[in-house]
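FYI, in the UniProt record's numbering the residues of the sequence shown are 1 to 209. Beta carbons: idealized from backbone N, C-alpha and C, even for Gly. Worksheet: the structure to be examined is printed underneath.
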Amino acid sequence: MAERTRGIYRLVTVPAIYQRIQTALAGSDAYARVGKLVFDGLDGKNVLEIGCGPGRWATVLRHTKHYTGIDWNSRHIEQARAQYGSPQASFICGDLGDTALINSDTPLHAVIGIGILHHLDDAIARNVLTRAAELLVPGGQFIGIEPVIHKGQNPIARLLKALDSGRHIRSTAGYEQVFPPAYINVTTHIRQDLMRVPYSHCLINAKIA
């Protein structure tokens, strides 16, 4: 994983600090507001979130049949289990590449990645997306939200991206290009109104055959 993890960047590995930063930048209603925008159509379906952090998105995805979150940070997973664990929501500490961790017998309709791909170089991102495609049922989808680079970007947004711990913030075309051929339809859309501060996000929806 290509990201900054030393010095001040270690703070985001602490669940309480991570959540305070998210709330400060995006607002207390951000999860519900963004969830309505990107998670429509997941009612009654099985979803997997990769890099779930402290598990906050589980509350937005209560309408799904079952939500599973996976993250390498044991502190995040411990907090997620304590706060959001339920018969409908479970959390796994580990890596998506460890096939033994994911129950392949459960039909998976969507894989969600919020702010994940910009931490991965092209080769690793393709491996992750390939693994996601292998887990999805026919017609399943990858749903993502990533910081994005584009022309005419607000200077404050550019500065925040320069400070991001992820080193692979891409253009919309750059994100589209990391999806392997298993995805037959990849769409991207830029939104600049999802945070309290000037910022640009790329909304991604990619479906497999």
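| Check | Outcome |
| --- | --- |
| Please work out which residues of its chain come closer than 8 Å, Cβ to Cβ, to residue 88, disregarding the five sequence neighbours upstream and downstream, and give them in chain order. | 62, 64, 65, 66 and 67 |
| In terms of residue numbering, what span does the beta strand (DSSP E) encompassing residue 90 cover? | 89-93 |
| Please state whether the Cβ-Cβ distance between residue 143 and residue 112 is less than 8 Å. | yes |
| Quick one: residues in its chain with C-beta nearer than 7 Å to the C-beta of residue 156, no 5 flanking neighbours on either side, listed in chain order? | 197 and 198 |
| Which residues in the same chain as residue 205 place their Cβ atom closer than 7 Å to its Cβ, once the five residues preceding and following it in sequence are excluded? | 141, 143 and 187 |
| Could you compute how far the alpha carbon of residue 147 sits from the alpha carbon of residue 153? | 12 Å |
| Any idea if residue 49 is buried or exposed, counting beta-carbon neighbours within 10 angstroms, 16 or more meaning buried? | buried |
| What alpha helix (DSSP H) runs, 4 residues minimum, are completely inside the segment 33-103? | 57-60 and 74-84 |
| Closer than 8 Å by C-beta to residue 107: which residues in its own chain qualify, once you throw out the five before and the five after it? Chain order, please. | 46 and 137 |
| Cα separation between residue 10 and residue 42? | Because the pLDDT of residue 10 is 46, which lies under 50, any placement of that residue in the model is unreliable, and the question is left without a value. |
| Along the chain, where does the alpha helix (DSSP H) containing residue 107 start, and where does it finish? | Element bounds for residue 107: n/a, residue is neither H nor E. |
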